[in-house]
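Quick mapping for you: the protein sequence lines, in order, are chains U and V. First residue of the first sequence? That's 1 in UniProt numbering, and the numbers climb one at a time after it. First residue of the second sequence? That's 1 in UniProt numbering, and the numbers climb one at a time after it. Quick reminder that beta carbons are idealized off the backbone N, C-alpha and C, glycines included. What you are looking at is a predicted structure, and each value in this text was computed from that prediction instead of being measured. Single-structure report; data block below.
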Amino acid sequence: MFAYVIRRVLATIPVMALVALFVFSLLYLAPGDPAAVIAGDQATPQDVERIRASLGLDRPYLVRFGSWVWGILNGDMGVSIFTNLPVTTMIAQRIEPTLSLMILTLILAVTIAVPMGVVAAWKQGTLIDRAVMGFAVLGFSVPVFVVGYLLAYVFALELDWLPVQGYTALSKGFLPWLENLVLPAVALGGVYIALIARITRATMLEVLQQDYIRTARAKGAGQGSILFLHALKNAAVPIVTVIGIGIALLIGGAVVTESVFAIPGLGRLTVDAILRRDYPVIQGVVLLFSFVYVLVNLIIDLAYTLFDPRIRY
Amino acid sequence: MRRRTVLQAAPAILAAPRIASAQGNARTLRFAPQGNLANIDPIWTTTTIARNHALMVYDTLFGLGRDFQPKPQMAAGYEVSADGLAHRITLRPGLTFHDGEKVTARDCIASIARWSKRDVLGQRLDALLQEMRATADGAFEIVLKKPWPGLAWALGKPSANLCAIMPERVAKTDPFQQITDYTGSGPFRFLAKDWVPGSVAAYERHGAYVARDEPADFLAGGKHVHFDRVEWRIMPDPATAAAALRNNEIDWWETPLADLLPVLRRNRDIAVEVVNTAGALGFLRFNHLHPPFDRPEIRRALFPAIEQTSFMQAALGEDPALWQVPAGAFTPGTPLANDAGLEVLSGPRDLEAARRALRAAGYDGRKVVLLVPSDFPTINGLSEVAADTMRKIGFNVDAQVMDWGTLVQRRAKKDPPEQGGWNVFCTTWEGLDVSVPGSHQPLRGNGPEGWFGWPTSPRREALREAWFSAPDQAAEKAIAAQLQRLVWEEAPFVPLGLLRPPMAYRRSLSGIVTGGPAIFWNVRRG
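In structure tokens:
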């Protein structure tokens with residue numbers, strides 16, 4: 001097991017190197033010029049040229065790439081072209097809201113979706129099953145921003161229960177933190193709930209047909225015990241896999257959700273950086289997201305052993 | 001406890017922190033600015049939002065009043081020698097920077113020197129400058145090689161680049177490098193530790209700031225601050241900003257989307273008002289380096305087809321209070337605006353005449369690349385109407401849609417359109433910038449050294465030069481009229497109308513200073 005973890009961690013190095021090369025090259029080739037954005041509408045082309053030179057953007061591709069990689073290897077992600085702040089500082093400023101949003105969404109989604117899927121499988125073909133599947137289709141079909149606007153309209157503008165936007169740090173109190181995140185987490189969670197509920201239902205339907213379930217019933221095990229102890233545990237591997245894959249959905253969805261609810265997270269930082277062509281920030285954030293995704297996949301792989309003792313590394 | 005009781009109490013529990021927070025906000029002004037404050041050096045960048053930040057944090061030697069004339073601000077006295085060469089400025093007593101240090105003549109000289117390397121009027125000063133020297137701790141002299149009556153206007157104009165007074169140590173930063181020390185001289189102190197770019201920028205009242213003992217007069221007069229703290233909350237999504245304003249989560253929204261104005265107007269707690277009366281002038285800019293717009297007769301062919309009202313409606317909606325037409329080369333409502341030859345745009349519109357003029361000019365049907373920004377709703381609206389108008393009279397328009405970040409790179413390319421260049425784009429300029437020839441970049445005719453489009457016009461350059469030496473406003477007006485006639489003849493651009501986008505704020509605010517951008521002195525709650 002330990003050797004496996006080490007092998008997997010080492011395997012992330014070439015993956016991250018490829019991601020770095022890909023992101024840097026893509027940005028190099030993409031149109032847009034941060035110097036022109038900085039200079040503003042009223043600057044002359046000469047001003048833009050001088051700013052470009054002062055930022056080192058006129059250096060050859062290999063020199064810029066080499067300098068960036070050397071910085072990364074030394075723990076320095078560079079400095080934002082626009083704010084003059086270190087990229088690590090900007091990421092640190094933004095990581096808490098995104099992490100909070102993702103964790104809350106994850107908790108919300110798993111808590112709702114897994115029981116929903118289990119019940120739908122148990123009551124297959126009934127109204128409950130159809131309702132769950134209908135909700136799942138809706139969750140997949142309605143864009144996050146539409147759900148966000150609807151929630152804000154109802155719960156903030158009409159009922160005045162929750163704020164429309166913003167983020168309050170957890171250090172300022174649990175309730176203020178929660179009230180800012182409830183609507184975004186529900187909006188972002190919709191598609192995630194749908195995904196997990198569907199896969200849970202499908203896997204549970206398969207597991208519930210197995211012989212050992214019939215045996216459990218014959219032994220007189222209760223319905224709850226059959227569903228959640230016997231069946232769900234055996235259905236867990238694909239569900240956990242989907243939860244892991246869904247992290248990518250959350251990262252993508254956070255970009256939209258953070259914009260709609262004006263949450264100062266990494267998603268918005270990414271969008272702002274892309275719109276301004278703030279290369280060091282884009283590179284830093286994409287690298288971080290890639291690392292998180294690789295790490296989550298590793299954790300998911302390791303989690304398989306908890307649910308299925310037959311799996312050994 | 002009964003289940004129903006718990007359910008009934010839940011909203012109150014959720015709302016409790018919000019009520020407490022609202023009570024704590026009484027001394028904080030919450031403002032949603034037009035965009036993200038990404039960089040904060042008003043000399044390094046010409047972005048409007050950096051200038052707006054600078055108006056809070058830095059004071060200026062002069063400030064424009066509502067009549068757009070310069071008045072002493074940090075300056076207590078101002079004298080010009082009889083030959084017009086020596087400009088002597090004495091500072092008001094008691095002026096301090098945010099670190100408590102006294103503002104001295106040395107700080108002002110260093111600040112002017114840095115500004116003069118970047119600003120278009122500053123560069124004029126740089127060219128004319130004989131010397132700047134401190135005559136006392138709180139007085140200095142600017143000696144020119146030839147008279148320039150407009151120097152005080154240049155030092156006090158709010159348009160980018162603002163001549164912000166910084167401590168000498170900060171002002172010595174290379175003008176092409178960003179400052180890292182945010183110590184200012186203005187009525188607000190920038191709270192760098194609270195700054196999260198893309199989310200929030202916070203300012204607190206500079207307690208030691210000595211305001212002039214006068215009522216506020218746009219950028220002149222007393223800058224009396226009535227809030228302890230001002231927070232700029234960046235909201236990229238207009239619908240969210242509108243909802244936040246309605247829900248009393250912000251007090252003031254700088255750039256409400258035209259589509260959302262009816263919703264805001266229906267709310268009795270919200271006022272929708274034109275604060276920036278100088279607005280922004282819309283332009284259609286030609287690339288003079290490549291066919292077909294390298295020929296004036298082809299550029300002029302567009303004039304009979306230009307319906308300024310259509311451009312304004314596409315940008316800001318049908319409420320005529322939010323825009324002004326006809327608009328000539330200079331910002332309507334400012335002293336140099338005039339109607340010389342304005343019938344070119346204000347007379348009856350005639351598409352057939354435009355088609356005839358285009359045919360007569362020998363347009364060969366070649367593709368015309370129009371750059372269209374997708375993420376600037378106002379300019380996007382102008383560009384859509386431009387594309388339609390040009391197609392109607394026979395141009396073969398290739399409207400290429402892109403984000404603003406790509407557009408600003410693309411328009412800097414001097415290559416032919418088929419090799420990644422361009423032919424035409426629409427934009428807007430701050431009304432105060434294009435209210436005088438000196439800072440009116442689209443009007444210039446300095447060729448490849450000039451603003452995007454690169455027209456060459458010795459006659460316009462000569463008139464601009466004459467404006468700098470104009471002894472009085474009557475002479476300035478005469479020059480402005482000549483320049484406007486030249487615009488109709490040489491067509492370096494097409495004016496599309498004056499946009500006056502409104503701002504929206506909660507009626508609990510009063511004393512908002514009108515005339516230009518959002519400024520935060522004089523405004524109070526209640």
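Cα-Cα separation, residue i to residue j
| i | j | result |
| --- | --- | --- |
| residue 79 (chain V) | residue 303 (chain V) | 45 Å |
| residue 81 (chain U) | residue 405 (chain V) | 14 Å |
| residue 152 (chain U) | residue 247 (chain V) | 10 Å |
| residue 107 (chain U) | residue 147 (chain U) | 19 Å |
| residue 23 (chain V) | residue 249 (chain V) | Confidence at residue 23 (chain V) is low in this model, with a pLDDT of 46, below 50, so the placement of that residue should be treated as unreliable; the coordinate-derived value is given next. If you take the alpha carbons of residue 23 (chain V) and residue 249 (chain V), they lie about 12 Å apart. |
| residue 1 (chain U) | residue 116 (chain U) | 34 Å |
| residue 501 (chain V) | residue 169 (chain V) | 38 Å |
| residue 110 (chain U) | residue 240 (chain V) | 28 Å |
| residue 268 (chain U) | residue 362 (chain V) | 50 Å |
| residue 165 (chain U) | residue 180 (chain U) | 7 Å |
| residue 297 (chain V) | residue 354 (chain V) | 11 Å |
| residue 117 (chain V) | residue 175 (chain V) | 7 Å |
| residue 538 (chain V) | residue 120 (chain V) | No answer is possible for residue 538 (chain V): it lies beyond the span of chain V, which begins at 1 and ends at 526. |
| residue 241 (chain U) | residue 196 (chain U) | 10 Å |
| residue 141 (chain U) | residue 314 (chain V) | 32 Å |
| residue 199 (chain U) | residue 126 (chain U) | 18 Å |
| residue 319 (chain U) | residue 290 (chain U) | Since the first and last residues shown for chain U are 1 and 313, residue 319 (chain U) lies out of range. |
| residue 461 (chain V) | residue 445 (chain V) | 6 Å |
9 Å Cβ cutoff, residue i in contact with chain V
| i | result |
| --- | --- |
| residue 264 (chain U) | yes |
| residue 36 (chain U) | yes |
| residue 163 (chain U) | yes |
| residue 45 (chain U) | yes |
| residue 200 (chain U) | no |
| residue 278 (chain U) | yes |
| residue 324 (chain U) | Because chain U is modelled from 1 through 313, residue 324 (chain U) falls outside the range shown and cannot be assessed. |
| residue 192 (chain U) | no |
| residue 33 (chain U) | yes |
| residue 22 (chain U) | no |
According to DSSP, residues forming a beta bridge with residue i
| i | result |
| --- | --- |
| residue 426 (chain V) | V:284 |
| residue 456 (chain V) | V:446 |
| residue 70 (chain V) | V:64 |
| residue 184 (chain V) | DSSP output for residue 184 (chain V) lists no bridge partner at all. |
| residue 497 (chain V) | V:282 |
Proximal residues of chain V, C-beta to C-beta of residue i below 7 Å
| i | result |
| --- | --- |
| residue 340 (chain U) | Past the edges of chain U, shown from 1 to 313, lies residue 340 (chain U), and the structure says nothing about it. |
| residue 76 (chain U) | What residue 76 (chain U) touches in chain V: nothing, since even the nearest Cβ is about 17 Å away. |
| residue 51 (chain U) | 176 |
| residue 152 (chain U) | 243 |
C-beta neighbour in chain U for residue i, strict 9 Å
| i | result |
| --- | --- |
| residue 235 (chain V) | yes |
| residue 414 (chain V) | yes |
| residue 378 (chain V) | no |
| residue 341 (chain V) | no |
| residue 11 (chain V) | Only weak support is given to the placement of residue 11 (chain V): the predicted model assigns it a pLDDT of 48, under 50, and the question is left unresolved by the model. |
| residue 246 (chain V) | yes |
| residue 23 (chain V) | Residue placement at residue 23 (chain V) is poorly supported in this model, since its pLDDT is 46, which falls under 50; the coordinates still yield a value, given next. It does not; no Cβ of chain U falls within 9 Å. |
| residue 435 (chain V) | no |
| residue 441 (chain V) | yes |
| residue 199 (chain V) | yes |
| residue 419 (chain V) | no |
| residue 115 (chain V) | no |
Under 8 Å from the C-beta of residue i: neighbouring residues of chain U
| i | result |
| --- | --- |
| residue 285 (chain V) | Within chain U, no residue comes near residue 285 (chain V); the closest Cβ sits about 11 Å away, beyond 8 Å. |
| residue 276 (chain V) | None at all; the shortest Cβ gap to chain U is about 16 Å. |
| residue 403 (chain V) | 32, 275 |
Within chain V, the residues that residue i reaches when beta carbons sit closer than 8 Å
| i | result |
| --- | --- |
| residue 217 (chain U) | Within 8 Å Cβ-Cβ: nothing; residue 217 (chain U) doesn't reach chain V, min ~34 Å. |
| residue 48 (chain U) | 412 |
| residue 268 (chain U) | 198, 199, 236 |
Chain U residues whose Cβ lies nearer than 9 Å to that of residue i
| i | result |
| --- | --- |
| residue 180 (chain V) | 84 |
Chain-ordered neighbours of residue i on chain U, where CB pairs are closer than 7 Å
| i | result |
| --- | --- |
| residue 451 (chain V) | 44 |
Neighbouring residues, chain V, relative to residue i (Cβ below 9 Å)
| i | result |
| --- | --- |
| residue 157 (chain U) | 243, 246, 247 |
| residue 261 (chain U) | 237, 240 |
| residue 272 (chain U) | 36, 38, 197, 198, 234, 236 |
Suppose only complete runs of 4+ residues qualify. What are the alpha helix (DSSP H) ranges in the region 323–401 of chain V, listed by chain order? 343–346, 351–360, 377–392
Length at least 3, wholly inside the region 66–153 of chain V: the beta strand (DSSP E) runs in chain order: 70–72, 75–80, 86–91, 129–136, 139–144
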